[in-house]
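In the numbering used here, the protein residues as written are 500 to 559.
Every residue, glycine too, gets a C-beta built ideally from N, C-alpha and C.
Please read these numbers as outputs of a predicted model, since none were measured by experiment.
In what follows, a structure is listed as structure tokens, so that the remarks can point back to it.
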Amino acid sequence: TIAITSDGDITLSAAQGNIKLEAQNIEIKSAAETKIKADAGVDIQASSTMNLKGQTINLN
Numbered sequence: 500t501i502a503i504t505s506d507g508d509i510t511l512s513a514a515q516g517n518i519k520l521e522a523q524n525i526e527i528k529s530a531a532e533t534k535i536k537a538d539a540g541v542d543i544q545a546s547s548t549m550n551l552k553g554q555t556i557n558l559n
């Protein structure tokens, strides 16, 4: 087990490479906003059911 904790920010950066997370399960959670941004395309894929939940969901 590796635990990284901080009272401030944590940044992972690979300016000329890739960052890959691979595990049995991955959970991302924030107490406020969560943003995902790509300067090119974004692919989201599920081999089974995919759920998208929110009070309001805007597409385009």
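Under 8 Å between C-beta atoms of residue i and residue j
{"i": "leucine 511", "j": "isoleucine 518", "result": "yes"}
{"i": "threonine 533", "j": "isoleucine 525", "result": "no"}
Same chain, Cβ closer than 8 Å to residue i, five either side skipped, listed in chain order
{"i": "valine 541", "result": "Ile535"}
{"i": "alanine 545", "result": "none"}
Cutoff 6 Å; reference residue i; Cβ partners in own chain excluding five residues on either side
{"i": "glycine 507", "result": "none"}
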